[in-house]
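Here the structure is laid out as structure tokens; the discussion comes afterwards.
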Amino acid sequence: MAGRSRVTRGSRRGKPQHRQISTNCPQCASLVTQVNQAYDALDYLWDRRLALQKSIGVTEKAMADRAAAIGRMERARPPSGRTAQQQGAIDALKDVNAQQQRGVDRHRRDLAEVDRQIAAQNGKILKLSVQLGKCEARCKPAQTTPTQTTPAQTTQATPARSRPIPCTICRPYADLILRLEQEMDELLEEQDEIEAEIDFIANETAMGRPVEPWPFGTPQSSPGVQAQRAMSEVSSELAEVDAQLFRAWAGLTSCILTCNAGRSIISRPLVYGSVLGGAAVGGVLAAGGSGDSSPALTSSPPVSAAPPAMPSNPSPSPMPAPEPTPTPSPGPANPASTQNVINCACIEDSAQRDALLRFCQLVRQLAFRLINATTVEIAGASPLGTVQGQLNPTTGAIDLTAMTTAGPLRLTATVDAGGNLTNATAAFGDGTMRTVYRFETSRVQ
3 MAGRSRVTRG SRRGKPQHRQ ISTNCPQCAS LVTQVNQAYD ALDYLWDRRL ALQKSIGVTE
63 KAMADRAAAI GRMERARPPS GRTAQQQGAI DALKDVNAQQ QRGVDRHRRD LAEVDRQIAA
123 QNGKILKLSV QLGKCEARCK PAQTTPTQTT PAQTTQATPA RSRPIPCTIC RPYADLILRL
183 EQEMDELLEE QDEIEAEIDF IANETAMGRP VEPWPFGTPQ SSPGVQAQRA MSEVSSELAE
243 VDAQLFRAWA GLTSCILTCN AGRSIISRPL VYGSVLGGAA VGGVLAAGGS GDSSPALTSS
303 PPVSAAPPAM PSNPSPSPMP APEPTPTPSP GPANPASTQN VINCACIEDS AQRDALLRFC
363 QLVRQLAFRL INATTVEIAG ASPLGTVQGQ LNPTTGAIDL TAMTTAGPLR LTATVDAGGN
423 LTNATAAFGD GTMRTVYRFE TSRVQ
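Just so you know, the sequence shown maps onto residues 3 to 447 in our numbering.
Next comes the structure, spelled out in structure tokens:
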């Protein structure tokens, strides 16, 4: 029995989820309306994109089945032995395929135009969101919707309004980066499936077994050509998403540099809590105890160790006396608002192992915890595993060397007072056979 291709282009990709936004600042209401209208337009474009993809997939599947039927009919009777009726049936099927191919070509042109419009709409949403963030940053409490409060009510209303949220203006960049990283993950997963399909076709061909056409590309193309075309399309999409990520990260970096409220972004709660798991005072990192091993943070709620955001101009107040027996607290009131975005790039690959290591996917799920004042533990999936390194409590420098399943690893980074990793590099291998990555993390609410 002939093998059948098992992958359909775009089969794993769905429409991104968007949320309607609101504001408490009347001066920013028109911008909120524009952002929500832009999101509605983006939803329509994605519905159109998915409908076109589905139509193309269904049509090409029917064309592939029809091409297979034509092949069986032509093999059953050579041209010299066919009746006019049999030849007419074959020609009719070929005419149907030719007509449907023209329709598929039109759909593909429409799909390319929709993709262009989606990219433009994403850029518009980002621009409007940045303008909205600036508008809300300028909005004073006196300009917000007035509410009459009694003295008894004032003590309840004031804390909610004055609670600081660092780097709110940078949040649109963070949201865009997260959406693009999700899209890149889906594309990489699709790329893995197509690579497996190419291997499958090569193995079947080597064994002398025929492979039926798969539902992609022109039915006249061989399965190998169809798979290579699918790989080319995925590679082009990956390059476009990577370029968008580069632009989004450039915008985020610029935004963080001008942000006067705090240091920025983390989008998934870390398994062990914050990067440090301890206090940060004036840029000097301190462990949760006086050099003693702190209890494993996996036994307490996630992000419980994250340092609370402090107002830029806190009012003087007496320091509360420390409790004699502290117990783990639930952590920030709204941990879901914390984001974890990591910029990562392979900067050297003389060992040609980036495609196997996929460290930039792995680094998004890295977990950190402080073992004591001078030891930090980093945990992740293979090839990293769980490794420990040295932490300089004065400068925040991390220096880690370990043996992993991908060979020797050297990881260096600097942790700042905001819990951000900067100047971070991870090098697998040594000498002239190395694969080196540079990455960073930042926090924003």
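Just so you know, even glycine gets a beta-carbon here, dropped at the ideal spot from N, CA and C.
Note that the structure is predicted; figures quoted are calculated from it, not measured.
Could you tell me the boundaries of the beta strand (DSSP E) in which residue 374 lies?
Here residue 374 corresponds to residue number 372 of the sequence shown, with the count starting at 1. Note, residue 374: beta strand (DSSP E), 369-374.
Using 10 angstroms around the beta-carbon of residue 177, count the other beta-carbons present and answer buried if the total reaches 16, otherwise exposed.
Against the sequence shown, residue 177 aligns to sequence position 175. Counting Cβ neighbours within 10 Å, residue 177 comes out buried, since at least 16 surround it.
What's the gap between the Cα of residue 73 and the Cα of residue 100?
Counting from one through the sequence shown, the residue named residue 73 turns up at place 71. Counting from one through the sequence shown, the residue named residue 100 turns up at place 98. Straight-line measurement puts the Cα of residue 100 at about 15 Å from the Cα of residue 73.
Cα-Cα separation, residue 92 to residue 71:
Reading the sequence shown from its first residue, position 90 is the one you call residue 92. Reading the sequence shown from its first residue, position 69 is the one you call residue 71. Residue 92 and residue 71 have their alpha carbons spaced roughly 9 Å apart.
Whole angstroms are fine: how far does the CA of residue 192 sit from the CA of residue 251?
As a working mapping, residue 251 is identified with position 249 in the sequence shown. As a working mapping, residue 192 is identified with position 190 in the sequence shown. Roughly 24 Å between the two C-alpha positions.
State yes or no: is the C-beta of residue 414 within less than 9 Å of the C-beta of residue 356?
The residue given as residue 414 occupies position 412 in the sequence shown. The residue given as residue 356 occupies position 354 in the sequence shown. No, Cβ-Cβ distance for residue 414 and residue 356 is not below 9 Å.
One question on the structure: do residue 417 and residue 398 come within less than 9 Å of each other, judged by their Cβ atoms?
Counted from its first residue, the sequence shown places residue 417 at position 415. Counted from its first residue, the sequence shown places residue 398 at position 396. The answer is yes: Cβ separation under 9 Å.
Go to residue 452, then tell me how far its alpha helix (DSSP H) extends in each direction, as first and last residue.
Within the shown structure, residues of the chain are numbered from 3 to 447, placing residue 452 beyond reach of any answer.
Backbone CA spacing between residue 439 and residue 431 [nearest angstrom]:
Along the sequence shown, read from residue 1 onward, the residue named residue 439 stands at position 437. Along the sequence shown, read from residue 1 onward, the residue named residue 431 stands at position 429. The alpha-carbon atoms of residue 439 and residue 431 are separated by roughly 12 Å.
Can you tell me the Cα-Cα spacing of residue 442 and residue 426, whole angstroms?
Mapped onto the sequence shown, residue 442 falls at position 440. Mapped onto the sequence shown, residue 426 falls at position 424. If you take the alpha carbons of residue 442 and residue 426, they lie about 6 Å apart.
Three or more C-beta pairs below 8 Å linking the region 55-72 and the region 104-114:
At 8 Å Cβ cutoff, the stretches touch.
Below 8 Å, can you find three or more Cβ-Cβ pairs linking the region 199-207 to the region 223-237?
The region 199-207, when compared against the region 223-237, does touch it at the 8 Å Cβ threshold.
Along the beta strand (DSSP E) that carries residue 364, what are the first and last residues, could you check?
Position 362 of the sequence shown, counting from 1, holds the residue named residue 364. Here residue 364 belongs to no beta strand (DSSP E); instead the alpha helix (DSSP H) covers 361-364.
Assign residue 205 to one of three DSSP states: helix, strand, or coil.
Residue numbering aside, residue 205 sits at position 203 when the sequence shown is read from its first letter. When secondary structure is reduced to three states using DSSP, residue 205 falls in the helix class.
Could you check what DSSP says for residue 22 in three-state terms: helix, strand or coil?
In the sequence shown, residue 22 corresponds to position 20, counting from 1. In the three-state scheme derived from DSSP, where H, G and I count as helix and E and B as strand, residue 22 is classed as coil.
Hey, how far is the Cα of residue 361 from the Cα of residue 368?
Position 359 of the sequence shown, counting from 1, holds the residue named residue 361. Position 366 of the sequence shown, counting from 1, holds the residue named residue 368. For residue 361 and residue 368, the distance between alpha carbons rounds to 10 Å.
According to DSSP, residues forming a beta bridge with residue 435
Residue 435 sits at position 433 when you count from the first residue of the sequence shown. Beta-bridge pairing by DSSP links residue 435 to 432.
Starting from residue 141, follow its DSSP beta bridges and name the residues at the other end.
Locating residue 141 in the sequence shown gives position 139, counting from the first residue. Paired residue(s): none; residue 141 is not in a bridge.
Taking residue 182 as the reference, give the member of 232, 133, 239 and 212 with the closest Cα.
On the sequence shown, position 180 is the one that residue 182 refers to. Restricting attention to 232, 133, 239 and 212, the CA atom closest to the CA of residue 182 is found in 239.
State buried or exposed for residue 115, treating a residue as buried only when at least 16 other CB atoms are found within 10 Å of its CB.
Within the sequence shown, residue 115 is the residue found at index 113, counting from 1. Burial call: exposed.
For residue 433, which residues in the same chain have their Cβ closer than 6 Å to its Cβ, ignoring the five residues on either side in sequence?
To locate residue 433, count along the sequence shown from 1; it is residue 431. Same-chain partners within the cutoff: there are none.
Starting from residue 386, follow the beta strand (DSSP E) in both directions and report where the run begins and ends.
Start at 1 with the first residue of the sequence shown, and residue 386 comes out as number 384. Looking at the DSSP string, residue 386 is not in any beta strand (DSSP E), and its letter there is neither H nor E.
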